[in-house]
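Residue numbers (this note's numbering), protein chains in the order written: chain W, 1 to 261; chain V, 1001 to 1299.
Virtual Cβ for every residue (Gly too), placed ideally from N, Cα, C.
These numbers were taken from a predicted model, which means no experiment stands behind them.
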Amino acid sequence: MLELNKISKTFGRGTVNEKKALTDISLKVNKGDFISIIGSNGAGKSTLLNAISGVFKVDSGSIILDGTDITSMSEHKRAAQIGRLFQDPMKGSAPSMSIEDNLYLASGKRGWFAHISAADRREFRERLSMLGMGLEDRMKHPVGLLSGGQRQALTLLMATYNVPKLLLLDEHTAALDPATAEKVLDITRTVIEENGITCLMITHNMQSALELGNRTIMMNDGEIIYDVSGEKRRSTTVEDLLTLFKEKAGEKLSNDRMLLA
Amino acid sequence: MAALIQTAVELGLISSLTVLALYLSYTMLNVCDLSTDGAFTMGAAVGAVVVLAGHPYLSLPAAMLAGMVSGFITAILQTKMGVDSLLAGITVNTAAYSVNIAIMGRSSLLNLNSADTVFSRIGDSLDGSVLDPMSKLILITALILFVMICLVAFLRTRLGLAIRATGDNPDMVRSSSINTVAITVTGLCLSNSLTALSGCLLAQYNKSANIDIGTGMLTIALASLLIGRLFFRNKGVGHGIIGAVIGAIFFRIVYTLALRLNMPAFMLKLVSSVIVILAISGPYFIGKLKEMKEVRDNA
Chain W
1 MLELNKISKT FGRGTVNEKK ALTDISLKVN KGDFISIIGS NGAGKSTLLN
51 AISGVFKVDS GSIILDGTDI TSMSEHKRAA QIGRLFQDPM KGSAPSMSIE
101 DNLYLASGKR GWFAHISAAD RREFRERLSM LGMGLEDRMK HPVGLLSGGQ
151 RQALTLLMAT YNVPKLLLLD EHTAALDPAT AEKVLDITRT VIEENGITCL
201 MITHNMQSAL ELGNRTIMMN DGEIIYDVSG EKRRSTTVED LLTLFKEKAG
251 EKLSNDRMLL A
Chain V
1001 MAALIQTAVE LGLISSLTVL ALYLSYTMLN VCDLSTDGAF TMGAAVGAVV
1051 VLAGHPYLSL PAAMLAGMVS GFITAILQTK MGVDSLLAGI TVNTAAYSVN
1101 IAIMGRSSLL NLNSADTVFS RIGDSLDGSV LDPMSKLILI TALILFVMIC
1151 LVAFLRTRLG LAIRATGDNP DMVRSSSINT VAITVTGLCL SNSLTALSGC
1201 LLAQYNKSAN IDIGTGMLTI ALASLLIGRL FFRNKGVGHG IIGAVIGAIF
1251 FRIVYTLALR LNMPAFMLKL VSSVIVILAI SGPYFIGKLK EMKEVRDNA
């Protein structure tokens, strides 16, 4: 489904700030995989997702998505097949435009000169009601008036409106309060399961890293240092992960927002 | 006095096209297009040349096309050639000076006194009727209404929404698989075509096109836009467009009244600059004051 072949990226090459962000990363993701990614600050987790979604081009290596080489494809073209959510709930929608306007752009419906039709509105309403947040009755409201949790749920709906081949989640619940985070995570799980979307999710929550999905990878210093799935993963505990990290990286796992419970 | 007000409304409506252009580029796309003055003059120059060739109606689309080319260059400079957006506008503006003189046949002034303009055509067809003294107003109003309706409809299309979203949150536009570069280019082409149309109409209204006709237009239009925003705060696109046109007319009427109260005409540009500064820094200072008050209240 997704194949990373020895991709590397160095920022600020030849300057005092030179930083090797990704080193020869290879990863094979199978169709329907739901992978959680953990690691210290600066381990390269977000950089990895940025490389896949095309925010920058990698220095070497290749990225294959569903049989197509997308290594040199521009960000907006990749976006047709890759959905993405960030930690910042403000990043995924246009604040001064209404909910239906945002959805219309995300839905990519029809031609450039088409307007939102009554049928579109019915469809938006139906999809919004699945979020269970009452957004279906506020379709004309500017998105800027929504709470962080509502905006993140809307962004999730927008990112998966046309089922993407790949969904990239970058700590998308980290900025929300615990109850809202739980709700958004529930919606995420439902959307992914219902549509069989392949997903990579960065999380700072060690427990949900092990509970959600079918595979967990650990990153340190621009490399993947541990990759676990199946039976072995089911018997792994948070303590095991922490011990493993210390063993492999030679230091303690440290993350500003890390949750062990 | 009534005649003076009528003239002010006519001039306000003509400049409202430039205000609508800024509504597109400044409010929607979040680009401060400093090439506005040059594009305005280019519209006047191209329009005047076509009028002198004997095609008054053709002058309008011709001017719009010229504005589109100017906007295209400004947009390509800032999206594809690494030129900062403000610098792109300034350089195009400067270059436009030479281009405009060349368009006007190496002259800095074209006289349209004896030429057939869109206004003289409409005046002729209404000759002798009760509407005759209003012919210019009718033509301009009809034209602006048409542009406004088209613009409202356009901004609700997918392309229009993409233009609005590009200024609001370009990341979101890219993740909707839309090329923000193409959207910016389209938006600036469209806005500059309106600016040029505005210049073309003013030249025919004044019966002359000169190289300075567009000087200060950006500031005047920006002042009008910001005044118009006061009428409809935080409302939808339709209100924004009506606000822009009302702002332009309001600005022109206030200016006319100020002239009646013996303000010298050369003060226009100072006054418009002060309005822009007040409209932008006013809310900034109000915000600061509120912040200070909160700090004091919490202390």
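Beta-carbon neighbours of residue i, restricted to chain W and to distances below 7 Å
{"i": "residue 1159/V", "result": "112, 113"}
is_contact[residue i, chain W] using C-beta, thresh 8 Å
{"i": "residue 1162/V", "result": "yes"}
{"i": "residue 1260/V", "result": "no"}
{"i": "residue 1106/V", "result": "no"}
{"i": "residue 1121/V", "result": "no"}
Within chain V, partners of residue i - CB distance below 7 Å
{"i": "residue 106/W", "result": "1176"}
{"i": "residue 84/W", "result": "1175"}
{"i": "residue 91/W", "result": "1171"}
Residue closest to residue i, alpha-carbon to alpha-carbon, out of the options
{"i": "residue 80/W", "options": "53/W, 72/W, 101/W", "result": "53/W"}
{"i": "residue 230/W", "options": "15/W, 35/W, 144/W", "result": "35/W"}
{"i": "residue 1010/V", "options": "1180/V, 1219/V, 1144/V", "result": "1144/V"}
{"i": "residue 1225/V", "options": "1280/V, 1153/V, 1260/V, 1091/V", "result": "1280/V"}
{"i": "residue 111/W", "options": "1159/V, 1128/V, 1211/V", "result": "1159/V"}
{"i": "residue 1034/V", "options": "1295/V, 1199/V, 1087/V, 1006/V", "result": "1087/V"}
{"i": "residue 58/W", "options": "26/W, 89/W, 86/W, 32/W", "result": "26/W"}
{"i": "residue 124/W", "options": "140/W, 114/W, 113/W", "result": "140/W"}
{"i": "residue 128/W", "options": "108/W, 155/W, 114/W", "result": "155/W"}
{"i": "residue 1017/V", "options": "1198/V, 1025/V, 1053/V", "result": "1198/V"}
{"i": "residue 95/W", "options": "76/W, 142/W, 77/W, 159/W", "result": "142/W"}
{"i": "residue 1249/V", "options": "1115/V, 1231/V, 1235/V", "result": "1231/V"}
{"i": "residue 177/W", "options": "161/W, 149/W, 187/W", "result": "149/W"}
{"i": "residue 1075/V", "options": "1185/V, 1084/V, 1107/V, 1227/V", "result": "1185/V"}
{"i": "residue 162/W", "options": "109/W, 31/W, 6/W", "result": "109/W"}
{"i": "residue 206/W", "options": "244/W, 152/W, 97/W, 77/W", "result": "244/W"}
{"i": "residue 1271/V", "options": "1242/V, 1216/V, 1096/V, 1085/V", "result": "1216/V"}
{"i": "residue 1065/V", "options": "1080/V, 1040/V, 1085/V", "result": "1040/V"}
{"i": "residue 200/W", "options": "114/W, 32/W, 22/W", "result": "32/W"}
{"i": "residue 1049/V", "options": "1112/V, 1169/V, 1228/V", "result": "1112/V"}
{"i": "residue 51/W", "options": "204/W, 78/W, 181/W", "result": "78/W"}
{"i": "residue 1036/V", "options": "1005/V, 1191/V, 1200/V, 1168/V", "result": "1191/V"}
Per-residue contacts from residue i into chain V (C-beta, under 9 Å)
{"i": "residue 77/W", "result": "1177, 1179"}
{"i": "residue 221/W", "result": "By Cβ distance, chain V contributes nothing, its closest Cβ being about 28 Å from residue 221/W, past 9 Å."}
Residue i at chain V interface by Cβ criterion, 8 Å
{"i": "residue 159/W", "result": "yes"}
{"i": "residue 62/W", "result": "no"}
{"i": "residue 46/W", "result": "no"}
{"i": "residue 96/W", "result": "yes"}
Span of the beta strand (DSSP E) around residue i
{"i": "residue 163/W", "result": "Here residue 163/W belongs to no beta strand (DSSP E), and DSSP marks it neither H nor E."}
{"i": "residue 3/W", "result": "2 to 11"}
{"i": "residue 43/W", "result": "No beta strand (DSSP E) contains residue 43/W, which DSSP labels as neither H nor E."}
{"i": "residue 225/W", "result": "223 to 229"}
{"i": "residue 27/W", "result": "19 to 29"}
{"i": "residue 215/W", "result": "215 to 220"}
{"i": "residue 199/W", "result": "198 to 202"}
{"i": "residue 84/W", "result": "82 to 85"}
{"i": "residue 62/W", "result": "60 to 65"}
{"i": "residue 1110/V", "result": "1109 to 1111"}
Neighbouring residues, chain W, relative to residue i (Cβ below 9 Å)
{"i": "residue 1156/V", "result": "101, 115, 116"}
Residue i: contacting residues in chain V (beta-carbon distance under 8 Å)
{"i": "residue 80/W", "result": "1177"}
Where the alpha helix (DSSP H) through residue i begins and ends
{"i": "residue 1003/V", "result": "1002 to 1022"}
{"i": "residue 125/W", "result": "118 to 129"}
{"i": "residue 1206/V", "result": "1180 to 1206"}
{"i": "residue 1298/V", "result": "1268 to 1298"}
{"i": "residue 1155/V", "result": "1135 to 1155"}
{"i": "residue 104/W", "result": "99 to 107"}
{"i": "residue 1220/V", "result": "1217 to 1231"}
{"i": "residue 249/W", "result": "238 to 249"}
{"i": "residue 1121/V", "result": "1118 to 1125"}
Checklist entry - Taking Cβ-Cβ distances below 8 Å as the criterion, which residues of the stretch 1165 to 1196 of chain V are in contact with chain W? => result 1165, 1168, 1169, 1171, 1172, 1173, 1174, 1175, 1176, 1177, 1178, 1179, 1180
Next on the checklist: Which residues of the stretch 130 to 157 of chain W have a Cβ closer than 7 Å to any Cβ of chain V? Give them in chain order.
Outcome noted: none
Checklist entry - Taking Cβ-Cβ distances below 9 Å as the criterion, which residues of the stretch 8 to 33 of chain W are in contact with chain V? => result none
Checklist entry - For the stretch 171 to 198 of chain W, which residues have a CB atom closer than 9 Å to at least one CB atom of chain V, in sequence order? => result none
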